[in-house]
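Visitor: Take a look at the following structure, please.
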Amino acid sequence: MMHAAGTSVPLGASDRGTASALDRHIQGGRMNKRISRLSAVVALLAATALVATGCGGGGASEQSGSGGGAKVFKIGIGAPLTAGSVAQGQGIERGVKLALKQASESAEAKELGITFESVSGDDQGDPKTGVTVANTFASDPSLLGVVGHLNSGVTIPASKVYNDAKLPVISPAATNPALTTQGFNNVFRTCTIDSVQGPAGADAMFGDKVGAKTAVVVDDSTPYGEGLCDEFAKKFEELGGTVAFREKTSDKDTDFNALATKTKAANPDVVYYGGTYNAGSLLSKQMSGSGIVAPLMGGDGLFDPEFINLAGAEGAEGDMCTSVGLPTSELPKGQEFEAAYKAEFPDNEIGAYDAYSYDAADVLVKAIFKVGKEMGVDKLSTPAGRDAIIAAVAATDMEGVTGQVKFDQNGDTLNKAITVYRVESGEWKPFIIPQQ
């Protein structure tokens, strides 16, 4: 799948994700008996040129035309683009593309004679495909960093590949604490972790503004969903709340009617769901259709306009979720981001992780600028240059779109602010905003 303003890594499902562009051109030529030998040669040469351009061994390539011979460096985007949480994955992609466009037009880029290009890797929310994406990124010497992935279950195995390749990876969305406890120095995230977000959700539900005293807890059996629910349930019970029961589902489930019947009998004050908007929206829809009045509450995996579209505005009314940081409208740079985003993508709403992927890309860009000035552009792709980029990312301390962007010794963000959002009249609106 090609995406505007960048290069797309053409990866399919995990059983075919390892096929290269060249392989598919050759296979396509064999299958089509009508293709002429001349056309086959042309197709082969075109495919070879594509592979050489995307994965050549000489580090940065030079861009002709308006770039005036500027050296091109790439940033990988690992996200689900055709399967899984597609809306959030494509939002992550847009956030990175906007940041790289602005970076390429900056005075610093022109001074160094470089420009940036995004390479999109469709991990489909699948761990095996995510590793294939990571290996593809790692094989490209002109690719200096990765923004991704969305799912913790994909990011954790992919991070091992990035560590071996000395590629800094910054996730805007993977919240499972295990990601940054592997002992790697190249793994970071701009989102906060489940051990912060889960308890914040419990505080919000048990607090005076909601006053929930009983909860049903449902997770989707993914590292993200399980971790979030573990933390929510623990804190909710510590506060004095009661978990009526906990149910395990799958992130692929579509039929929640039996769960809705069981939940209705329990009559909880809130249903806490650990998972993403795909299944979460169906759970909300089927619960409201069963006459359950308790709202659905979840983490940032629900925080996307598509949740409301799939659940239906009427059925989703009153549902809540937590998301990291303050609303972008509350932050000076957030307002600038919103204006630039709407100008660049007028047909798209800003999703849950778009601002976090923008900040992640901006961190990588600033680290590359710093090392390029200190060591020279030609050293950026070398082992020493890659080590220096990782060190520069680790030392980041800047005011971003999402607030302060600074990492602790494990690579976790120091921005622990959590906002609670609620569906009101068909839109996610801030419900509980933390004190600044």
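Sequence positions in the sequence shown follow the working numbering and run 1413 to 1848.
Glycine included, every Cβ here is placed at the ideal spot set by N, Cα and C.
Predicted, not measured: the structure shown is a model, and the values here were computed from it.
On the criterion of 16 or more Cβ atoms from any shown chain inside 10 Å, does lysine 1483 qualify as buried, or is it exposed?
Guide: When all chains shown are included, lysine 1483 counts as buried.
Visitor: In the DSSP assignment, find the unbroken beta strand (DSSP E) run with lysine 1509 in it and report its ends.
Guide: Run containing lysine 1509: none in the beta strand (DSSP E); it sits in the alpha helix (DSSP H), 1498-1516.
Visitor: Pull up the DSSP beta-bridge partners for glycine 1639, would you.
Guide: Paired residues: none, contrary to the question.
Visitor: Output yes or no for whether 7 Å exceeds the beta carbon distance between proline 1580 and isoleucine 1802.
Guide: Closer than 7 Å, so yes.
Visitor: Could you tell me the alpha carbon to alpha carbon distance between isoleucine 1762 and methionine 1709, rounded to whole angstroms?
Guide: If I take the Cα positions, the gap works out to 21 Å.
Visitor: Going straight from the alpha carbon of glutamate 1811 to that of isoleucine 1844, what length do you get?
Guide: For glutamate 1811 and isoleucine 1844, the distance between alpha carbons rounds to 23 Å.
Visitor: With C-beta atoms as the reference, is valine 1531 less than 7 Å away from lysine 1486?
Guide: Yes, the Cβ-Cβ distance between valine 1531 and lysine 1486 is below 7 Å.
Visitor: Does the separation of the CB atoms of alanine 1693 and leucine 1722 fall below 7 Å?
Guide: Reading the sequence as shown, one finds serine at residue 1693 and not alanine. Result yes, Cβ atoms of serine 1693 and leucine 1722 sit closer than 7 Å.
Visitor: Given a cut-off of 7 Å, decide if glycine 1637 and glycine 1687 are closer than it, judged by their beta-carbon atoms.
Guide: Yes, the Cβ-Cβ distance between glycine 1687 and glycine 1637 is below 7 Å.
Visitor: For a minimum of 3 consecutive residues, which ranges assigned as the beta strand (DSSP E) are wholly contained in the segment 1549-1621?
Guide: Those beta strand (DSSP E) runs which fall completely within the segment 1549-1621 and span 3+ residues are 1555-1560, 1581-1583, 1599-1601.
Visitor: My guess is that lysine 1578 and arginine 1834 are in contact by the Cβ rule of under 8 Å, so how many angstroms apart are they, rounded?
Guide: The Cβ separation is near 43 Å, so there is no contact.
Visitor: Report the residue from Asn1547, Tyr1685, Val1629 whose alpha carbon sits nearest the alpha carbon of phenylalanine 1719.
Guide: Minimum Cα distance to phenylalanine 1719 is reached at Tyr1685.
Visitor: Specify the secondary structure class of glutamine 1816 as computed by DSSP and reduced to three states.
Guide: Here glutamine 1816 sits in strand by DSSP.
Visitor: Using 8 Å as the cut-off, can you tell me whether the segment 1779-1799 makes contact with the segment 1601-1617, which would need three or more C-beta pairs spanning the two stretches below that distance?
Guide: No, the segment 1779-1799 is not in contact with the segment 1601-1617.
Visitor: Report all residues from its chain with a CB closer than 8 Å to the CB of glutamine 1747; omit the five preceding and five following residues, and keep chain order.
Guide: Same-chain partners within the cutoff: Thr1740, Ser1741.
Visitor: How about alanine 1806: is its Cβ closer than 6 Å to a heavy atom in the ligand PLP?
Guide: Although the ligand PLP was asked about, the structure shown includes no ligands whatsoever.
Visitor: Valine 1356: buried (16+ other C-beta within 10 angstroms of its C-beta) or exposed?
Guide: Here the chain comprises residues numbered 1413 to 1848, so residue 1356 is not present and cannot be evaluated.
Visitor: Per DSSP, leucine 1708 forms a beta bridge with which residues?
Guide: Leucine 1708 is bridged to Val1683.
Visitor: Please state if the CB of tyrosine 1574 and the CB of asparagine 1598 are separated by a distance shorter than 7 Å.
Guide: For asparagine 1598 and tyrosine 1574, yes; Cβs fall inside 7 Å.
Visitor: Among Val1805, Ala1691, Ala1678, Gly1703, whose alpha-carbon lies nearest the alpha-carbon of valine 1777?
Guide: Per the Cα distances, Val1805.
Visitor: State the start and end residues of the unbroken beta strand (DSSP E) segment that holds lysine 1660.
Guide: Segment 1654-1660, the beta strand (DSSP E) holding lysine 1660.
Visitor: Tell me whether serine 1551 is buried or exposed, calling it buried when 16 or more other Cβ atoms sit within 10 Å of its Cβ.
Guide: Its Cβ having fewer than 16 others within 10 Å, serine 1551 is exposed.
Visitor: Taking Cβ to Cβ, would you say valine 1622 is nearer than 7 Å to alanine 1678?
Guide: Not closer than 7 Å, so no.
Visitor: Please classify serine 1837 as buried or exposed, where buried requires at least 16 other C-beta atoms within 10 Å of its C-beta.
Guide: Exposed.
Visitor: Taking the C-alpha atoms as reference points, what is the distance between aspartate 1771 and alanine 1614?
Guide: If you take the alpha carbons of aspartate 1771 and alanine 1614, they lie about 28 Å apart.
Visitor: Measure from the alpha carbon of glutamate 1505 to the alpha carbon of each residue in Glu1756, Met1787, Asp1820, then state which is nearest.
Guide: When each option's Cα is compared against that of glutamate 1505, the closest is Glu1756.
Visitor: Distance check for glycine 1730 and phenylalanine 1781, CA to CA, integer angstroms please.
Guide: Roughly 45 Å between the two C-alpha positions.
Visitor: Name, in chain order, the residues that DSSP records as bridge partners for glutamate 1529.
Guide: Answer is Lys1486.
Visitor: Going by DSSP, what residue range makes up the beta strand (DSSP E) through glutamate 1836?
Guide: That run of the beta strand (DSSP E) goes 1830-1836.
Visitor: Between aspartate 1824 and the rest of its own chain, which residues show a CB-CB distance below 7 Å, the 5 nearest in sequence each way excluded?
Guide: Contacts found: Thr1592, Arg1601, Ile1605.
Visitor: Which parts of the segment 1714-1777 are runs of the alpha helix (DSSP H), unbroken and 4 residues or longer, counting only runs that do not cross its ends?
Guide: Counting only runs of 4 or more, we get 1717-1723, 1725-1728, 1744-1756.
Visitor: Specify the secondary structure class of leucine 1844 as computed by DSSP and reduced to three states.
Guide: The question names leucine, but residue 1844 in the sequence shown is isoleucine. DSSP places isoleucine 1844 in strand when its eight states are reduced to three.
Visitor: Distance check for tyrosine 1768 and alanine 1590, CA to CA, integer angstroms please.
Guide: C-alpha separation (whole angstroms): 20 Å.
Visitor: Leaving out five residues on either side along the sequence, give the residues of the same chain with a beta carbon under 6 Å from the beta carbon of glycine 1468.
Guide: Low local confidence applies: a pLDDT of 32 at glycine 1468 is under 50, so the model's placement there is unreliable, and no value is given.
Visitor: Report the rounded CA-to-CA distance for isoleucine 1830 versus alanine 1612, giving the unit in angstroms.
Guide: Distance between the alpha carbons of isoleucine 1830 and alanine 1612: 7 Å.
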